[in-house]
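J.: Provided herewith is a single structure, encoded as structure tokens, for subsequent inquiry.
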Amino acid sequence: MIEDGLKYIDHQRNTDRGPLDVLFVDSGNALVVAELKINEDDAKQRELYLKSGMG
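Residue 48 in numbering that gives the first Met the number 0 is what sits at position 49 of the sequence shown, and the numbering runs on without skipping anything.
Structure (structure tokens):
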């Protein structure tokens, strides 16, 4: 468990900015996106998302 009250909503949810790996909602009804990475190249992609304002 990442956080008490965190509820799974969907995975590979398509958005206008691309697919979300895993989507949750927290106990305050805020959406929480989990981006799953399995190697260093994926981690670099995450950094690019954050720098571009997508993450």
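Glycine included, each C-beta is placed from N, C-alpha and C at the ideal position. Remember, predicted model here, so these are calculated numbers, not experimental data.
The beta strand (DSSP E) with Ile8 in it runs from where to where?
T.: In the sequence shown, counting from the first residue as 1, residue 8 sits at position 9. Per DSSP, Ile8 belongs to the beta strand (DSSP E) from 6-12.
J.: Using DSSP bridges, identify the partner residues of Ala33.
T.: The residue labelled residue 33 in the question sits at position 34 within the sequence shown. DSSP, once it has assigned bridges, lists Val21 as partnering Ala33.
J.: So, helix, strand or coil for Ser51, using DSSP?
T.: Here residue 51 is taken as the residue at index 52 of the sequence shown, counted from 1. Note: Ser51 maps to helix in three-state DSSP.
J.: Go through its chain and collect everything with a Cβ distance to Asp59's Cβ below 8 Å, but skip five positions before and after it.
T.: The shown model of the chain, from 0 to 54, leaves out residue 59, and the question about it has no answer.
J.: With a Cβ-Cβ cutoff of 8 Å, do Ile37 and Val24 count as a contact?
T.: As a first step, residue 37 is located in the sequence shown; it is residue number 38 there, counting from the start. As a first step, residue 24 is located in the sequence shown; it is residue number 25 there, counting from the start. Not in contact: Ile37 and Val24 (Cβ atoms no closer than 8 Å).
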